[in-house]
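Chemist: In our numbering, the protein residues as written are 16 to 772.
Note that beta-carbon positions come from the ideal geometry of N, C-alpha and C, so glycine has one too.
From a predicted model like this one, the values you see are computed outputs, not experimental measurements.
Before we start, here is the structure in question, set down as structure tokens.
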């Protein structure tokens, strides 16, 4: 072969090889883009072109590929662009690059999608695309992200993936966020076939025959033994709370909906039904957008079951009963649930299904939002459609009553006022939950069963000794005649104030009060075991000088033998030496001396009856000017109230006083006419606005302080109005603005939010 021919052949082979390589690379690029297109949400542009050309509509996957291919062939037109610019994009992590990788890309936002390119030449192929629908969402990070990185972050969530974008300017971040959110808001709402059928049923409720045809022709509305491959309702992308994802292991709402349906199928054959029900209810309580889906799934599983009223079918009805008690569906699903319950009552008369449906129908109008999952005891009673027993403690006694799953604390208080004959009392009463030496005020609109469930979550010793107590919240008329029960309640409130160390009295007076308390509760002197010292005497006020005052060698030797199971068991022997052990021995000696003095004084009160002991006790306490007021430990944070030291805040009928601990004279005081407003700044800060200054108080009892001040200030207004007019017509014209509406949170206790008067 000649040399020119060989050169020509080599050039042709090289050219074909280069051409094949280019074609192969192009095919790989096409394949990569098609894979990206199949895994992301696409617009309906391909369908519109197919309809214009007279072709039938392709399946969803083909429409996505067609729309992506048309997007490549037709570059973005300048008129369709809403906003465009450079942003930093975080690339997905890879096993080769486990660290965070960020690259600079050119982003283009149109009415249908958010695309990004390698550069700002729009006729090039996009590296990625996200079709925007009504289910997409955009979120911005708080300022802590900028503090740590120097960039402002916004995240755009789609169906299959999300973009984490960064910019170094706050104005750019806000501009992109508002533009993307506006494009999402312009989209038509997304509907699923189940949602369309629910609307059809609601529109044809009066036509029973047509409704039955809808149920018979659509298996998605009936009981199914097969797994669910897609949720029944549409979910916004990434609507679940991020903190719940990290703390409790939740995934996307779509995945959680499928897990719930699998749990429902396990419930029909599972053994531990109560634990499985609690897990399902906890998921619905944590993820609010998932509640309607849970109701629709239960309606589906209780509609046309293969074996009506058997054990598996009744498990679903029992779970639906507990779910209605715990939380309510939205206004879209509530009519559908009511119709399903009524239809089941007519379809299964005289069966357990009808009884559960009737119970659910009665609970839909009474149920309130719960903060905690019902306890195992409550779920067991709900499965039998029974009420829950409850014990209320008051003034050394207790009363048993039954409450339903939606009985509020206000209803319990009104029932107790009738039972204890306290309807005519002007004092205000409240329900408290006590546990481990602490107490919480229950608002009148709080569900009692919710508080029972709160203390049933933990099995610790501190929560196992909890109880509900009925006590006086505010004494509005201390000089009014009181019945025996009301006198006992006032005595209990005064003793709580003394034991907490609020009463500024001498040690001898406190020992006398402890002796009177022992005489009123235990009767005359006997050899029975004495209560613990902290139940009678403020242990925090024990001085070191108490030991020589109450030294009694014979009592110290006799007490362990007289009460071997009482006093002797409460005197642990400190072993070793050192400052810590010496302090422990000193405290033991002080406690022993105090108990010896109380026992000696108790013997002198032999023969005094209970009423005389209570009257003497209250007579001593009332010598303090703020007796009868509600006392709270606060910390003043303003310079006008002195240094930020612990203070006692006394809220009474005439005004508010601040005391130093252990002092009888108040640091400052002011009446309700000097206040222009009071409100809760946050969960731990309470603000009182006076004429020329503001007083900020830190306390963990902000909700209770707000409630007590509202009651006392309203009572002051009624008193002034009655004094001026001579009648009993009340007008709320106080200059004080009530800005508090209390409610309870699972982790932080009671919280307050601002509201109008």
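1. Excluding sequence positions up to five away, which residues of its chain have a Cβ less than 6 Å from the Cβ of residue 731?
2. Would you give the residue range spanned by the beta strand (DSSP E) that residue 693 belongs to?
3. Going by alpha carbons, who is nearest to residue 727 out of 610, 153, 363 and 489?
4. Measure the beta-carbon distance from residue 298 to residue 305 and round it to whole angstroms, keeping in mind my assumption that it falls under 8 Å.
5. Do residue 664 and residue 647 have their beta-carbon atoms positioned less than 7 Å apart in this structure?
6. How many angstroms separate the CA atom of residue 327 from the CA atom of residue 315?
7. Give me, in chain order, the residues of the same chain whose beta-carbon lies closer than 8 Å to that of residue 281; leave out the 5 immediate sequence neighbours on both sides.
8. For residue 294 and residue 181, what's the separation of their Cα atoms in angstroms?
9. Who are the Cβ neighbours of residue 407 in its own chain at under 6 Å, not counting the five residues just before and after it?
10. Under 8 Å, with one C-beta from each stretch per pair, do the region 612-624 and the region 497-513 reach the 3-pair mark?
11. Relative to the C-alpha of residue 722, which residue among 337, 697, 554 and 456 is closest?
12. For the beta strand (DSSP E) that contains residue 172, what are its first and last residues?
13. Anyone know if the C-beta pair for residue 160 and residue 185 falls short of 7 Å?
14. Exposed or buried, what is residue 388 when buried is set at 16 or more other beta-carbons lying within 10 Å of its beta-carbon?
15. If you drop the 5 nearest sequence neighbours on each side, which residues of the same chain put their C-beta closer than 7 Å to that of residue 670?
16. To the nearest angstrom, how far is the alpha carbon of residue 125 from that of residue 118?
17. So, using beta-carbon positions, are residue 418 and residue 446 closer together than 7 Å?
18. Please determine, among 391, 374 and 416, the residue with the shortest C-alpha to C-alpha distance to residue 400.
19. Between the beta-carbon of residue 248 and the beta-carbon of residue 207, is there less than 7 Å?
20. Taking the straight line between their C-alpha atoms, what separation do you get for residue 610 and residue 518?
21. Who are the near neighbours of residue 371 in its chain, counting only those whose CB is closer than 8 Å to its CB and skipping five residues on each side?
22. Which of the three DSSP states, helix, strand or coil, is assigned to residue 678?
23. Go through its chain and collect everything with a Cβ distance to residue 504's Cβ below 6 Å, but skip five positions before and after it.
24. Can you have a look at residue 95 and say buried or exposed, based on whether 16 or more other CB atoms are within 10 angstroms of its CB?
25. Suppose you measure from the CA of residue 725 to the CA of residue 493; what does that come to, to the nearest Å?
26. Going by DSSP, what residue range makes up the beta strand (DSSP E) through residue 286?
27. Should residue 192 and residue 148 be called a contact, given that it needs their Cβ atoms to be closer than 7 Å?
28. My understanding is that residue 714 touches residue 636, with C-beta atoms under 8 Å, so please give their C-beta distance in whole angstroms.
29. Taking all protein chains shown into account, decide if residue 97 is buried (16 or more other Cβ within 10 angstroms of its Cβ) or exposed.
30. Where does the unbroken beta strand (DSSP E) through residue 483 begin, and where does it stop?
31. Does the beta-carbon of residue 597 have 16 or more other beta-carbons within 10 angstroms, so that it is buried, or is it exposed?
32. Rounded to whole angstroms, what is the Cα-Cα separation between residue 510 and residue 617?
33. Is residue 449 near residue 424, with beta carbons less than 7 Å apart?
34. Between the Cα of residue 156 and the Cα atoms of 169, 145, 162 and 694, which residue gives the shortest distance?
35. Work out the CA separation of residue 200 and residue 325 for me, nearest whole Å.
36. Determine the DSSP secondary structure at residue 161, reduced to helix, strand or coil.
Modeler: Here's the rundown:
1. Closer than 6 Å at Cβ, skipping near neighbours: 687.
2. From DSSP, the beta strand (DSSP E) with residue 693 extends over 692-695.
3. Among 610, 153, 363 and 489, the Cα nearest to that of residue 727 belongs to 489.
4. Rounded, the Cβ-Cβ distance is 7 Å, consistent with contact.
5. For the 7 Å CB-CB criterion, residue 647 and residue 664 form a contact.
6. Approximately 14 Å between the Cα atoms of the pair.
7. Excluding five sequence positions before and after residue 281, the CB atoms of its chain that fall closer than 8 Å to its own CB belong to 291, given in chain order.
8. The straight-line gap separating the alpha-carbon atoms of residue 294 and residue 181 is approximately 38 Å.
9. The beta carbon of residue 407 is closer than 6 Å to those of 414, 483 and 485 in its chain, skipping five residues each way along the sequence.
10. Verdict: no, contact absent.
11. Relative to the Cα of residue 722, the nearest Cα in the group 337, 697, 554 and 456 belongs to 456.
12. Where residue 172 is concerned, the enclosing beta strand (DSSP E) stretches over 167-172.
13. For residue 160 and residue 185, no; Cβs fall outside 7 Å.
14. So residue 388 ends up on the buried side.
15. Around residue 670: 684, 685, 686 and 687.
16. If I take the Cα positions, the gap works out to 22 Å.
17. Result no, Cβ atoms of residue 418 and residue 446 do not sit closer than 7 Å.
18. The residue with the shortest Cα to Cα distance from residue 400 is 374.
19. A contact, by the Cβ cut-off of 7 Å.
20. Their backbone Cα atoms lie some 20 Å apart in a straight line.
21. 329, 332, 333, 335, 336 and 400.
22. Residue 678 sits in coil when the DSSP states are folded into three classes, being neither helix nor strand.
23. Here the set comprises 410 and 487.
24. That one is exposed.
25. One alpha carbon belongs to residue 725, the other to residue 493, and they sit about 18 Å apart.
26. It is not in any beta strand (DSSP E) - residue 286 carries neither H nor E in the DSSP assignment.
27. No, these two residues do not count as a Cβ contact at 7 Å.
28. Actually they are not in contact, since the Cβ atoms of residue 714 and residue 636 sit about 23 Å apart, beyond 8 Å.
29. So residue 97 ends up on the exposed side.
30. Element bounds for residue 483: 482-489.
31. It is exposed - the Cβ of residue 597 has fewer than 16 other Cβ atoms within 10 Å.
32. Annotation: residue 510 to residue 617 spans about 17 Å, alpha carbon to alpha carbon.
33. At a Cβ-Cβ threshold of 7 Å, residue 449 and residue 424 do not count as neighbours.
34. Comparing Cα-Cα distances from residue 156 to each of 169, 145, 162 and 694, the minimum goes to 169.
35. Cα-Cα distance, rounded: 47 Å.
36. Correct three-state label for residue 161: helix.
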